[in-house]
Amino acid sequence: MDETAELADFRAETRAWLEANCPEEMRQPVRSDSDICWGGRRFVFSSPAQKLWLERMAERGWTVPEWPREYGGGGLSKAEARILGQEMRRIRARPPLSSFGIWMLGPALLKYGNEAQKREHLPKIARGEIRWCQGYSEPGAGSDLASLRTSAVLEGDHYIVNGQKIWTSYADRADWIFCLVRTDPEAPKHLGISFLLFDMESPGVSTAPIRLISGSSPFCQTFFDNVRVPKENLVGAPGRGWEIAKYLLTHEREMIGGMDSGAAEGRDGIAQVAKRALGVGEDGTLPDSMLRTDIIRQEIDSWAFALTMERVKDEAKAGQGTGALSSMLKYYGTELNKRRMELMMSLEGTESLLWEGKDREGDLARAWLRSRANSIEGGTSEIQLNIIAKNVLGLPAA
Amino acid sequence: MSLALTDDERMIRDSAEGFFAEHAPVAELRRLRDAKDPVGFDRALWVKMAEMGFAGVAIPEAFGGAGLGMVAAGLIQEAIGRNLSLSPFLSTAILSATILARGGSEEQKAALLPRMAAAELVVALAADEAPRHAPAHVATRAEASGNGFRLTGTKPFVLDGHVADRLIVAARTSGDDRDPAGITLFLVDPKAEGVTVERRSMVDSRNAARVTLHAVQVDGADVIGAVGEGYALLEAALDAGRACLAAEMLGVADRAFAMTLDYLKTREQFGRPIGSFQALQHRAAHLFCEIELAKSVTLKALRALDEGDARAPVFASLAKAKVGEVARLATNEGVQMHGGIGMTDDADIGFYMKRARAAAETFGDSAFHGDRIARIMRY
């Protein structure tokens, strides 16, 4: 498609700037977690290039290209941001910054935050100065999130927060938390919830990592014992936090659902992995016919799903948004990813079982175990199906 | 190109949906079936489809068609699927039109395409010989004879064969029975000596004739394309047909699902609508997701054909495989969720299940197309 002259100029300038400013080391594929820049007060850069790349991109607002300039963003139009993305992929540039602040809190603050909150928090997210975590689930509030009990009681100019969160991703490394708290215990459960921001260094906050079946501990238990939070840190109106929480969950679901990128672009499809692992017989097909059938079915669904992501994006661009599809993408994408991991394990056979070894780590087994959480976190598959039945299909309440 | 429909395409979709809902709804299928109509469809409807530009949708404007291409053809066939409308659209406007427009001589095109676009001719494709689709499996022989050929063989599944004015026959001029090379396409007059056409009515109330050829003499001028090179032409037509069948099955699935949702909301048991039960809600929600995937693969296949994308055969197979499964799931779930009513002839849902099965079997089921995708991708 033809680009307008302005967009063509923007592309040329962007390309030249990236060529001049993206360090060579930042054009290598991400191999481990330390290659990802999460930012934050305590973040230790894995190389000077990682720090330099973040600083250069943040200076232009390109860590968050579409956010307004006054909040540390790039102020780019959708078309310009798309070009920036394309040009970054062209040189295989790593994202300069990854964070829950960018993916989740930022969009919610832009929509629901007041001016002071936006000016205080958004630029620090954009520059990677503050790392955020999400305080949603509680031991007694999983799928039934709205039954959460962490309380925030107003005393003078402060809310006093007491309670416990669970599955708080990277709470032990985060600087601030965006947290769902109950400010009105008398109100119906969805209407007594508020959306509160506070510093994890506040007295009374403590965390304890949870060891998972994969052996890693990305999630924590987070405890609040009489934590004092200035009342101006409440986003939106008191008791209206559930609306913000749902808006933010939509972003989270799209992010999790997008993990199965399938065979369409970029990542090798499962069929290519199978060919490397098993080879092909004289007739050019995979030797194990039952496994081949499973792989074909996986490829068909994975490809169909990737095309659906593409169609949903194209329809949104054309203003034909069918809406309410984030639950579908989350449900289908995570179930596909789990199936994919099961197949990957089968392809490697007993080698897939390796946990610790001399020549390699048990990455596959760990990834397989990690994938089981996909259909639990951010709303289980069953909850997504409930949402589709109610909100999309209009089926009567149970 | 974008996987969102353009404004023009949305207009075609809406006008096709309005047209078939008005002129050829399910009640019309029921009427033609009950009357054991000798034609099997309403010829007046086919003429109206020509007036709407539907019959010539894939025929170039130079030959009297609308030249709109496969996305438009697919949108028309999706509306056909929603309403279970009967017509020779697939046989004539898609399969035969594709073969003639791509491979026909100027004389053949001038003689046939304008009359096909005007609904004056039904042209049927006589290709498949085995019950399970295998397009290279052609045992019908074409022996050189005089200035032409002499054809002998049997074609058991010729869509609209019993009312065809012309047949396009795949016959072997060289090679063994399963060899893609050596297949030649011929125009055959079904009234010619040696041709027997036996009407066979199928489970979906459509017709697929058994055509027997016994030493049928055809002229050299009746060869379509080059001798021995008919397979590529046949595959191009089949891919167009497969993508359009996927579109039809999408329409079948979507309407069957809508009918089922209505039933879930209105049928009461245990003092409440059965759609309030989670066991049914989750199955319905899963089906919704599957139909969304079916929409995407269908449009991708149609677009790829219009763009001449080299991967069009893969996308056609992807669509045929995926939507075939989805349409069968949607209609089987539909019958199950309608309960006993779903088993009655009075309820429409059964017609949708029958058509989904027939369309899924036609020109390759999911197993055939899954295997084809894997072979093209070299695994």
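The listed protein sequences derive, respectively, from chains A and B. End of the first sequence = 1303 in the numbering used here, gap-free, step of one. End of the second sequence = 385 in the numbering used here, gap-free, step of one. The beta carbon of each residue, even a glycine, is placed where N, CA and C say it ideally should be.
Its chain contains 270, 280 and 343 as the residues whose beta carbon lies nearer than 7 Å to that of residue 286 of chain B, once the 5 sequence neighbours on both sides are disregarded; these appear in chain order.
Residue 69 of chain B places its beta carbon less than 8 Å from that of residue 119 of chain B. By the CB criterion at 8 Å, residue 369 of chain B and residue 248 of chain B fall inside the cutoff. Contact annotation: residue 214 of chain B and residue 175 of chain B have beta-carbon atoms that are not nearer than 8 Å. With fewer than 16 other beta carbons inside 10 angstroms of its own, residue 1151 of chain A counts as exposed. With a threshold of 8 Å between beta carbons, residue 1253 of chain A makes no contact with chain B. Here residue 235 of chain B carries a strand assignment [DSSP, helix/strand/coil]. Remark: three or more beta-carbon pairs, one from each stretch, lie closer than 8 Å, so the region 135-153 of chain B and the region 166-185 of chain B are flagged as touching. The region 254-270 of chain B and the region 359-373 of chain B touch, with no fewer than 3 CB-CB distances between them shorter than 8 Å. Straight-line measurement puts the Cα of residue 1042 of chain A at about 13 Å from the Cα of residue 1100 of chain A. Boundaries of the beta strand (DSSP E) harbouring residue 1039 of chain A: 1037-1040, taken from the DSSP string. The alpha-carbon of residue 930 of chain A is positioned some 15 Å away from that of residue 994 of chain A. Residues of the region 302-318 of chain B that bring their beta carbon within less than 8 Å of a beta carbon in chain A comprise 302, 303, 305 and 306, in sequence order.
Nearest CB-CB separation between residue 1131 of chain A and chain B: not below the 8 Å threshold. Here the region 1257-1275 of chain A does not lie against the region 1133-1147 of chain A, with fewer than 3 beta-carbon pairs under 8 Å apart. Along the region 198-278 of chain B, the alpha helix (DSSP H) occurs as fully enclosed runs of 4 or more residues at 236-272, listed in sequence order. Taking a Cβ-Cβ cut-off of 9 Å, the neighbours of residue 1189 of chain A in chain B comprise 381, 384 and 385, given in sequence order. The C-beta of residue 288 of chain B comes closer than 8 Å to at least one C-beta of chain A. Between residue 123 of chain B and residue 61 of chain B, the beta carbon gap of about 6 Å places them in contact (Cβ cut-off 8 Å). Residue contact check for residue 295 of chain B against chain A: a CB pair falls below 8 Å. Between residue 1085 of chain A and residue 1098 of chain A, the C-beta gap is smaller than 8 Å, which places the two residues in contact.
The beta carbon of residue 1069 of chain A lies closer than 8 Å to those of 1043, 1044, 1055, 1126, 1127, 1128 and 1129 in the same chain, with the five residues before and after it left out.
In its chain, beyond the 5 residues on either side, 942, 1001, 1002 and 1033 have a beta carbon closer than 6 Å to the beta carbon of residue 959 of chain A. Counting of Cβ neighbours within 10 angstroms places residue 970 of chain A among the buried residues, the total reaching 16 or more. Approximately 5 Å separates the beta-carbon atoms of residue 222 of chain B and residue 157 of chain B; this is inside 8 Å, confirming the contact.
Per DSSP, the unbroken alpha helix (DSSP H) holding residue 341 of chain B starts and ends at 318-344. At a beta-carbon threshold of 7 Å, the residues of chain A lying near residue 292 of chain B are 1290, ordered along the chain.
Within the model, the alpha-carbon separation for residue 138 of chain B versus residue 367 of chain B is close to 8 Å. Excluding five sequence positions before and after residue 207 of chain B, the CB atoms of its chain that fall closer than 7 Å to its own CB belong to 213, given in chain order. Beta-bridge pairing by DSSP links residue 939 of chain A to no other residue. Cβ neighbours of residue 289 of chain B within its own chain (closer than 7 Å, five residues either side excluded): 339. Three or more Cβ pairs closer than 8 Å define a contact, and the region 1228-1248 of chain A meets that threshold against the region 1272-1292 of chain A. For residue 1277 of chain A, the three-state secondary structure derived from DSSP is helix.
Contact between residue 72 of chain B and residue 59 of chain B holds, since their C-beta atoms are separated by about 4 Å, short of 8 Å. A residue is called buried once 16 or more other Cβ atoms fall within 10 Å of its Cβ, and residue 240 of chain B is buried on that count.
Apart from the 5 residues on each side of it in sequence, residue 967 of chain A sits with its Cβ closer than 6 Å to the Cβ of 979 in its chain, given in chain order.
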